[in-house]
Amino acid sequence: MKFACQCNFLSIKYSTILLLSVIMIIIIFISFYIMKIKLVPSINLIISKNQNISPEQKIGCIVYIPDTSGRLSNRMFLVASAYGLARLYSCHLYIELKMINELKSVFILDLSPLLISSSTFNSLTSNISKPMSRISKGVDCDYITNLTRSNAISSGTIFELRGYWLSYLHFAKYDEELRQRYRPQFLLENHQSFKKQLSQLNSTTWIGIHVRRSDFVDLRYSSGDAYLFDAIKYYTARYPNAHFIVTSDDKPYCEKLFRNQSNIFLTPETYSTGDDLVVLSLCQHSIITGGTYGWWTGYLAGGEVIHDKIYPSGCSRREYYYPPWFLIDGNVRAHKNAEYILR
1 MKFACQCNFL SIKYSTILLL SVIMIIIIFI SFYIMKIKLV PSINLIISKN QNISPEQKIG
61 CIVYIPDTSG RLSNRMFLVA SAYGLARLYS CHLYIELKMI NELKSVFILD LSPLLISSST
121 FNSLTSNISK PMSRISKGVD CDYITNLTRS NAISSGTIFE LRGYWLSYLH FAKYDEELRQ
181 RYRPQFLLEN HQSFKKQLSQ LNSTTWIGIH VRRSDFVDLR YSSGDAYLFD AIKYYTARYP
241 NAHFIVTSDD KPYCEKLFRN QSNIFLTPET YSTGDDLVVL SLCQHSIITG GTYGWWTGYL
301 AGGEVIHDKI YPSGCSRREY YYPPWFLIDG NVRAHKNAEY ILR
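If you read the sequence shown in full-length UniProt numbering, its first letter stands for residue 1, the second for the next number, and so on.
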């Protein structure tokens, strides 16, 4: 009996050591990321080498994003929507360098061969002999069905995106392409391969949790503790060796909330918004409280996504904002055969 107890103790001790080793591996790789040891040239160099198209070269239409307000995740929606429209209508893409450099601090953002340089864009817009017409469209969270028409963005047009463009349907047709475009600025060449290795270590299933509070508390959009623990319970029952990584804009609150949970880990206070996004993208499944940042963590991680219904997307139809694989209280948020998805 004593021997059996000792074996059980050693087994628990070994499992604990192995789990801690996995956590250390994650911390080490993310720490390398934070140190900004990057092997990718600057966006200016990429543009000058690959996308500096001469004004004489035929450019039918341009999808344009001016420098605009909004945080990282808002800009990700803008760029994704602009990319989707540019691909759909065979247009080129022009994005202000301030925005694209911000995204490139987190992602290996390769938008070739669509992206054109500032000099090319300025040359085209100042060409009096061949003026291009300009259409400006402001959207927050709706899907513009008129843009599915074959001539919605015609040749000789600059289509300017204003607002937030929060409907994923504007880029759903190019979903897999965008996942490759939004690859985290990570040392390992194959992000998915490393993600698979993590899951195989100790047979652990990693679930990312993003807890948005700050401004959401006063707006009454913040999720309750019951929602978080119900979602954790769902994954724990589904995956016996589930472990959770938590990021938040209120980490002291999360530390107190999850202090007695041995399988829940918080990212350090020193991690930036981009650092946290990379960590969550390494997970296999996601729990989201609300907001566009949480949306993107679930999108990039893939797998199952549980989203709190308390958050109002602002879209006139739920299918415009929530992809079919997002779950609300265990139910699919949008029909899998939604007619709005471009295929």
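The beta-carbon is built from N, C-alpha and C at its ideal position, and this holds for glycine as well.
> Who are the near neighbours of L228 in its chain, counting only those whose CB is closer than 8 Å to its CB and skipping five residues on each side?
Replying inline: Working through the sequence shown from its first residue, we reach residue 228 at position 228. Cβ neighbours of L228 beyond the five flanking positions: I209, V211, L257, I287 and T289.
>> 7 Å is my cut-off, CB to CB: does A82 come that close to chain B?
In response: The chain labelled as chain B is not found in the depicted structure, where only one protein chain is given.
>> For C283, report the span of its alpha helix (DSSP H) as first-last.
In response: As a first step, residue 283 is located in the sequence shown; it is residue number 283 there, counting from the start. Premise fails: C283 is in no alpha helix (DSSP H) and is neither H nor E.
>> So if DSSP puts G208 in a beta bridge, which residue, or which two residues, is it bridged to?
In response: By 1-based counting over the sequence shown, the position of residue 208 is 208. According to DSSP, G208 bridges with I245 and S286.
> The alpha helix (DSSP H) with V106 in it runs from where to where?
Replying inline: By one-based count along the sequence shown, residue 106 stands at place 106. First-last for V106: undefined, no H or E at that position.
>> Our contact map puts I207 next to A242 with C-beta atoms below 8 Å; I'd like the distance itself, whole angstroms only.
In response: Taking the first residue of the sequence shown as 1, we reach residue 207 at position 207. Taking the first residue of the sequence shown as 1, we reach residue 242 at position 242. At roughly 6 Å, the Cβ-Cβ gap stays under 8 Å, so I207 and A242 are in contact.
> When you compare only the Cα positions, how much space is there between G70 and N101?
Replying inline: As a working note, residue 70 is residue 70 in the sequence shown. As a working note, residue 101 is residue 101 in the sequence shown. Taking the straight line from one Cα to the other gives about 15 Å.
>> Give me the DSSP bridge partner(s) of I306.
In response: Within the sequence shown, numbered from 1, the residue matching residue 306 stands at position 306. According to DSSP, I306 bridges with I287 and L327.
> What whole-angstrom Cβ distance do V279 and I306 have, given they're in contact under 8 Å?
Replying inline: Numbered from its first residue, the sequence shown carries residue 279 at position 279. Numbered from its first residue, the sequence shown carries residue 306 at position 306. That pair is no contact at about 18 Å.
>> Within a Cβ cutoff of 6 Å, which residues of the same chain sit near F159, ignoring the five residues on either side of it in sequence?
In response: If you number the sequence shown from 1, residue 159 lands on position 159. Cβ within range, chain order: V63, I135 and I153.
> Where are the beta strand (DSSP E) runs, 3 residues long or more, that stay fully inside the stretch 101-166, in chain order?
Replying inline: 133-139 and 157-163
> For Y64, which of helix, strand or coil comes out of DSSP?
Replying inline: As a position in the sequence shown, residue 64 is number 64, starting the count at 1. Strand, per DSSP.
> Do the stretch 102-115 and the stretch 129-146 make contact, defined as three or more Cβ pairs closer than 8 Å?
Replying inline: no
> How would you call L219, buried or exposed, if buried means at least 16 neighbouring beta carbons within 10 angstroms?
Replying inline: Here the question's residue 219 lines up with position 219 in the sequence shown. Exposed is the call here.
>> By the DSSP assignment, the alpha helix (DSSP H) with F77 in it spans what residues?
In response: As a position in the sequence shown, residue 77 is number 77, starting the count at 1. That run of the alpha helix (DSSP H) goes L72 to L88.
>> What does the alpha-carbon distance come out to for the pair P323 and Y293?
In response: Looking up residue 323 in the sequence shown gives position 323. Looking up residue 293 in the sequence shown gives position 293. Straight-line Cα distance between these residues: approximately 15 Å.
>> Let me check understanding here. Comparing Cα to Cα, which of E269, L85, Y182 and C61 lies closest to S73?
In response: Translated into positions along the sequence shown, residue 73 becomes position 73. Comparing Cα positions, the closest option is Y182.
> Residue ranges of each alpha helix (DSSP H) run of no fewer than 4 residues wholly in the stretch 216-276, ordered along the chain?
Replying inline: 225-238 and 251-257
>> Please classify D67 as buried or exposed, where buried requires at least 16 other C-beta atoms within 10 Å of its C-beta.
In response: Sequence index remark: in the sequence shown, residue 67 carries index 67 (1-based). With fewer than 16 other Cβ atoms within 10 Å, it is exposed.
>> Taking only three categories from DSSP, how would you classify Y94?
In response: In the sequence shown, the residue the question calls residue 94 occupies position 94. If DSSP states are grouped into helix, strand and coil, Y94 belongs with the strands.
> Are the Cβ atoms of L78 and L161 separated by less than 7 Å?
Replying inline: By 1-based counting over the sequence shown, the position of residue 78 is 78. By 1-based counting over the sequence shown, the position of residue 161 is 161. Cβ atoms of L78 and L161: closer than 7 Å.
> In this structure, what does DSSP give as the bridge partners for P184?
Replying inline: Looking up residue 184 in the sequence shown gives position 184. Answer is F107.
> Counting along the chain, where does the alpha helix (DSSP H) carrying R318 start and finish?
Replying inline: Within the sequence shown, the letter at position 318 stands for residue 318. Counting along the chain, the alpha helix (DSSP H) containing R318 begins and ends at R318 to Y321.
> Would you say I128 and Y94 are within 7 Å of each other, going by their C-beta atoms?
Replying inline: The residue given as residue 128 occupies position 128 in the sequence shown. The residue given as residue 94 occupies position 94 in the sequence shown. Contact flag unset, no.
> Between which two residues does the alpha helix (DSSP H) carrying A301 extend?
Replying inline: For the purposes of this step, residue 301 is identified with residue 301 of the sequence shown, where counting begins at 1. Segment T292 to A301, the alpha helix (DSSP H) holding A301.
> Taking just the CA atoms, how far does K173 sit from G84?
Replying inline: Indexing the sequence shown from 1 puts residue 84 at position 84. Indexing the sequence shown from 1 puts residue 173 at position 173. The alpha-carbon atoms of G84 and K173 are separated by roughly 7 Å.
> Alpha carbon to alpha carbon, what distance is there between H170 and Y299?
Replying inline: Taking the sequence shown and counting its residues from 1, the one referred to as residue 299 is at position 299. Taking the sequence shown and counting its residues from 1, the one referred to as residue 170 is at position 170. Rounded to the nearest angstrom, the two C-alpha atoms are 15 Å apart.
> With a Cβ-Cβ cutoff of 7 Å, do V106 and G302 count as a contact?
Replying inline: Looking up residue 106 in the sequence shown gives position 106. Looking up residue 302 in the sequence shown gives position 302. No, the Cβ-Cβ distance between V106 and G302 is not below 7 Å.
> Between the C-alpha atoms of R87 and R75, what's the straight-line distance to the nearest angstrom?
Replying inline: Residue 87 sits at position 87 when you count from the first residue of the sequence shown. Residue 75 sits at position 75 when you count from the first residue of the sequence shown. Near 18 Å, if we compare the C-alpha coordinates of R75 and R87.
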